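Undergrad: Sequential numbering from 11 applies to the sequence shown in our numbering.
For glycine and all other residues, C-beta sits at the position ideal for the given N, C-alpha and C.
Model, not experiment: these values are computed from the prediction.
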Amino acid sequence: MRSLLFVPGDSERKLLKATGSGADALILDLEDSVSLSRKAEARSTVSAFLTNTDRGTGTPMLIVRINALDTGLSDDDLAAVISAAPDAILLPKAGSGADIQDLSTRIAVHEAEAGHEDGKIRIHALMTETAGGMLAAGSFAAKSERLSALAWGAEDLAADIGASSNKDDNGVYTDVFRLARSLVILAAANSGVDAVDTVFTDFRDLDGLDTECRAAVRDGFSGKMAIHPDQVAVINRAFTPPPQDVERAVRILALFAAAGPDAGVLSLDGKMIDKPHLRQAERVARLAGLKPDAMPPVS
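#1: Please list, in chain order, all residues of the same chain as S309 whose beta carbon is under 6 Å from its beta carbon, the five residues on each side excluded.
#2: Decide if the segment 157-170 is in contact with the segment 198-214; the criterion is three or more beta carbon pairs, one per stretch, under 8 Å apart.
#3: Once DSSP output is grouped into helix, strand and coil, what is the label at A98?
#4: I'd like the list of long-range same chain contacts for G129, defined as Cβ closer than 7 Å, with 5 residues on each side in sequence excluded.
#5: M235 bridges to which residues according to DSSP?
#6: Excluding the 5 residues preceding and the 5 following P306 in the sequence, name in chain order all residues of the same chain whose CB lies nearer than 8 Å to its CB.
#7: First and last residue of the alpha helix (DSSP H) that includes K285?
#8: For T138, collect the residues of the same chain with a Cβ closer than 7 Å to its Cβ; drop the 5 residues on either side in sequence, then sort them by chain order.
#9: Is DSSP giving K177 helix, strand or coil here?
#10: Starting from I37 and walking both ways along the alpha helix (DSSP H), at which residues does that stretch end?
#11: Report the three-state DSSP secondary structure of R224 (helix, strand or coil).
#12: Going straight from the alpha carbon of L297 to that of P286, what length do you get?
#13: So, under 8 Å CB-CB, R75 and L100 are touching, yes? Tell me the CB distance rounded to an integer number of Å.
#14: Going residue by residue through the segment 168-214, where are the continuous alpha helix (DSSP H) segments of at least 4 residues, counting only ones entirely within it?
#15: Using only the alpha-carbon positions, how far apart do G299 and D279 sit?
#16: Excluding sequence positions up to five away, which residues of its chain have a Cβ less than 8 Å from the Cβ of D34?
#17: So what does DSSP say about P307, is it helix, strand or coil?
#18: Three-state secondary structure (DSSP) at H126?
#19: Note the first and the last residue of the continuous alpha helix (DSSP H) segment covering R53.
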């Protein structure tokens with residue numbers, strides 16, 4: 011998932027249009043982009059969209075952002091969409107690992123009622139939208155096998171802590187928000203899941219988006235959320251590893267495969283490589299969409 015495009019859940023037209031955006035995932039939103047008076051309509055629209063969308067090869071991953079657990083709306087959200095089998099549920103304002111456990115249990119109940127395979131629907135979580143979520147960053151690991159991605163958000167966090175802005179006069183995130191970004195990278199690594207970068211709100215500034223994407227790639231994010239279809243191509247390009255990196259990753263994977271499970275330090279192009287190089291090669295290959303059985307033998 012390089013690009014994850016938010017789409018308002020109460021607009022059938024935007025949902026249908028988004029399928030051709032090129033995004034790796036669509037976040038069908040029942041939360042911030044839908045007014046309280048239209049929540050029920052959005053649930054119905056999203057459920058129908060999930061039911062009627064072809065899930066074949068090339069279809070973007072379909073994720074539903076529900077309302078936060080403390081709103082009194084999330085149970086109705088889950089009841090409406092789990093039967094239609096979204097690929098994942100995005101939990102906003104996740105306060106701790108306990109919230110992940112809570113959501114996982116609720117999903118399991120609806121899966122069972124719908125006759126779905128237990129555990130098939132994954133969980134993504136926005137974990138820095140509240141001060142509590144940030145302070146509990148270490149608690150997200152090992153709380154549910156459903157958890158597959160952690161993301162961060164700056165807008166709700168600003169409201170929660172009373173900040174007038176999340177950036178300084180030069181357009182750079184201030185300290186609290188840089189900390190939020192860092193905590194997501196660390197919490198995702200600690201949990202063994204993907205780290206997803208926050209949205210770039212100025213959808214007309216594609217150069218600024220590209221700069222932010224490349225910083226995210228450098229620092230370990232695997233993808234980025236988008237608020238406009240025009241942002242998707244920029245994000246996909248930035249998060250797709252260049253051919254030379256993919257070639258090197260394939261060579262490293264082939265070397266370790268040939269050396270067997272007890273391989274320690276190996277040599278590539280006159281330089282020593284070890285297990286950290288292997289883990290990075292696996293990451294590059296995954297981002298490039300390579301399957302293990304597609305790896306060529308070492309030459």
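TA: Taking the structure as given:
#1: Unreliable positioning characterises S309 in this predicted model, as indicated by a pLDDT of 42, which lies under 50. The coordinate reading is nonetheless provided below. No residues qualify anywhere along the chain.
#2: yes
#3: strand
#4: E155 and R156
#5: L14
#6: Caution is warranted here: a pLDDT of 48 is assigned to P306, below 50, making its placement in the model unreliable, and the coordinate value is therefore given only provisionally. Counting only Cβ-Cβ distances below 8 Å, and skipping sequence neighbours, we find V260 and A264.
#7: K285 to L297
#8: M144, W162, G163, L167, A190, L193 and V194
#9: strand
#10: Not the alpha helix (DSSP H): I37 falls in the beta strand (DSSP E), residues A35 to D39.
#11: helix
#12: 17 Å
#13: 4 Å
#14: 185-201
#15: 25 Å
#16: M11, R12, S13, L14, P70, M71, G233 and N246
#17: For P307, the predicted structure reports a pLDDT of 48, less than 50, and the residue's modelled location is therefore unreliable. The matter cannot be settled from this model.
#18: coil
#19: K49 to N62
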